[in-house]
Structures are given as structure tokens and as C-alpha cells.
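A quick write-up on the structure given underneath.
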Amino acid sequence: MSKKEWPLWEVFIRSKAGLNHKHVGSLRAADATMAVENARDVYTRRSEGISIWVVESMNIHASDPAEADSLFEPADSKVYRHPTFYDVPDGISHM
Amino acid sequence: MSTLFNYILKIGDDSLILGHRLSEWCGHGPILEEDIAMTNIALDLVGQATTLLNYAGEMEGKGRDADALAFLRFDREYRNLLLVEQPNGDFGMTMMRQFLFDAYRLPLLERLQKSSDVSLAAIAEKSLKETKYHLKHSSEWVIRLGDGTEESHRRVQDALDTLWRYTDELFQEDDAEKELVVSGVIPPMSEIREAWNANVNRVLEEATLTIPTNNWKHSGGRKGMHSEHLGYILAELQYMQRAYPNMEW
């Protein structure tokens, strides 16, 4: 019997209309159809979602953790990029 | 309403016994994802059995509910198809058994939705959504295994050869059922067989599998004459209730 493993897939679920698909985990499947079905069985059995995306993990390109300093730290010292310097007029809620 | 009681018992027992068979895979699936898929389907079937057997109990009017019917009947009183009590075998055998059953159950439920018995129609409508997925799942596996490797093809062809002899029973109807057909409660089995044939031929062809030419067919389950396997299933299914009567958990 072949010991070759099925490819890994990343699963994204939209929990309700209007929200984004969110990454919920991964699974193994031989092809995209099987991946969607497996995702349905593994990740939506408690009514977690109304839509499923699957992406083969090999197609995801990630940033290099070793470069985290140069990528993300420069933003830390630039508080002015956050819109926190405005006085909110009275009577405006939900800000 | 004993005619309707008898009929609902049959389709309820199909769900219960097949659900039990599938649940035997729990923790033994070939991969985690499939283990969960089979357990989900098992739960769907046991849920359908609960609804159907509760309704059968109502029709009977002797105070028996789904639990009483499931746990306190002997094998000769069970009315399920021989097909659903056959052992799991390998994964190919389990998927083939599931496919042959789903392909019968789907057109049956579709037509029962229009039953003149409104309760039965409502039960069918609710179960249909689940069964559509079951058939999709089992069809895809039959195709994948049949049109897969040499070994998977051989195994699933063996499964088809073994199970084919139990498929005639799916479409047998007795005189009482013919009356139910006339009163519009259940569809004629000839219609179900036609739909089943079309679906099964299409999937088996895509799976590059050969329909066995052996015409000899088993039956008996619908009359309570079961294979030796049902006794073992009931021993496990009923043990707690038999050993500790009236226990609840």
C-alpha cells in the first residue's frame, strides 16, 4: 500500500452572510472536492458556517518570521498612523 | 393504521441498523476526516430512525416509542433490508453498501415528501437534505475507489459483487404496501427502482465497475428473516437496556 500522504489544505469558513471567510484549520484530502466535503464534516458540524473555501497549503506564501523585525517593528513607533488624535464631538456614538 | 405502522417500521429499521453499522467505524476510519464523516452520517441515520420509529409507535397506538421499538424487539421483529445489516468489511465495502442504499433512499424520500400522510411527508422533507449529502459522499467514494488504483478497483468491485445480490429486496412491495400506493401514502417501488437504476448505472460506469451478471437475489429482511449478522448487532445495540431494564442516561 502506498504510504504517500494526501496534500494538506487550509480551510476558511464564512460564519454568516456579510462576514469574512476566516481561517479555521487544515486537513488532508486527495483533491479539492474531497477537501470541501471533509471541511464540511470536520469544521461545520456545529453550524459554524454557511460557506467554505479550501486552499492547498502549498499555494500559500507567507512572510518570513526572521524578517519580522524589519517588516513590522517600524510601524510600532508611528502612533500618528492611528486615528486616535481626534476629539469626538458630543452626540456621536459607535466610534 | 397497522399497514402504515409496518411500512414506517421498515424504513425506520433501515436507518437504525445502517446507522449502527456505520457507528462501528468510529475511531477506526481510514483518515480522521473520513472517520468524522462516517460518524456524522451515522448520527443522521440514527436521528432519522428516532423520528420514524416514534411516528411508527404513534401509528401503532400501544404506547411504544422509538426506544421501546429499538431496544425491545427481537431480530425476527426487525424489518430492515438485508443490505444494511451486512458487515462493514473494508472501507470500499462500507462505501458501496452506503451508495447502493443512498441511491434507493433519495428517490424514496423525494417522493415521500408528497405523501398523502402529512407527518410522513414532513419527516421525509427533513431527512432528504441529509440523504442528498450522504449520496454525494458515497457516490464520490465509489467513483474514486473504482477509478483509482488497481487495488482500490479490485476491492470495490469485490464489494459490488458481494452486495449486488441484496439489492432486489430494496424494491419488493407486499400487498399491504400496494394499498398504501393506491391511497397515495407511498410511491410505487417501480418508480424508485427506475431512479435507482439510472443513478447506479451512471456512477458505476464512471467508477469503471462492472455490474454482476449473477441474477440470484437474497431477500427476507422485510419479513423478519435476517442474516446471522443482525443478532450480533442487536446484542450490542440492546445490551444495556436488556441488562438494566428501564435505565436512562
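Protein chains in written order, with the numbering used here: chain A, 16 to 110; chain B, 3 to 251. All C-beta atoms, glycine included, are put in the ideal place defined by N, C-alpha and C.
Give a yes or no on whether 8 Å exceeds the smallest Cβ distance from residue i to chain A.
i      : result
E35/B  : yes
N56/B  : no
A39/B  : yes
H136/B : no
H220/B : no
H155/B : no
E26/B  : no
N217/B : no
H139/B : yes
E208/B : no
E60/B  : no
E42/B  : With the sequence shown as reference, residue 42/B is identified as Asn, and Glu is not the correct amino acid for it. Chain A contact via Cβ: present.
E142/B : yes
Short check: CB of residue i to CB of residue j, under 8 Å?
i      : j      : result
Y80/B  : L232/B : yes
R113/B : E193/B : yes
N82/B  : G223/B : yes
A51/B  : L18/B  : yes
L172/B : L6/B   : no
Y168/B : Q88/B  : yes
Y58/A  : V26/A  : yes
L211/B : G150/B : no
F93/B  : P32/B  : yes
W24/A  : E71/A  : yes
L20/B  : V86/B  : yes
M97/B  : L162/B : no
I125/B : L74/B  : no
Counting only beta-carbon atoms, is residue i nearer than 8 Å to chain B?
i     : result
E25/A : no
R43/A : yes
R60/A : yes
E52/A : yes
V57/A : yes
T99/A : no
K19/A : no
Around the C-beta of residue i, are 16 or more other C-beta atoms found within 10 angstroms, so that it is buried, or is it exposed?
i      : result
A50/A  : buried
R204/B : exposed
Y95/A  : exposed
G186/B : exposed
P78/B  : It is Arg, not Pro, that sits at residue 78/B in the sequence shown. Looking at its Cβ environment, which holds fewer than 16 other Cβ atoms inside 10 Å, R78/B is exposed.
F101/B : buried
A209/B : buried
A32/A  : exposed
E88/A  : exposed
V184/B : exposed
E207/B : exposed
M16/A  : With a pLDDT of 49 at M16/A, under the threshold of 50, the modelled position of this residue cannot be trusted, and the question is left open.
Quick one: grab the DSSP three-state call for residue i.
i      : result
H97/A  : coil
R61/A  : coil
H36/A  : strand
S129/B : helix
L42/A  : strand
W21/A  : coil
R81/B  : coil
I28/A  : strand
W68/A  : strand
P104/A : coil
P89/A  : helix
Can you confirm whether residue i, when its beta carbon is compared against all beta carbons of chain C, has any partner nearer than 8 Å?
i      : result
E152/B : Note that chain C does not occur in the displayed structure, where the protein chains are A and B.
Problem set entry | Within the stretch 205-248 of chain B, ranges of the alpha helix (DSSP H) (whole runs, at least 4 residues) | 231-245
For this session: Within the stretch 163-199 of chain B, note down every full alpha helix (DSSP H) run reaching 4 residues or more, in order along the chain.
Result: 177-184
Problem set entry | Start-end ranges of the beta strand (DSSP E) lying completely within the stretch 95-120 of chain B, minimum 3 residues | Taking only runs of at least 3 residues, no beta strand (DSSP E) segment lies wholly in the stretch 95-120 of chain B.
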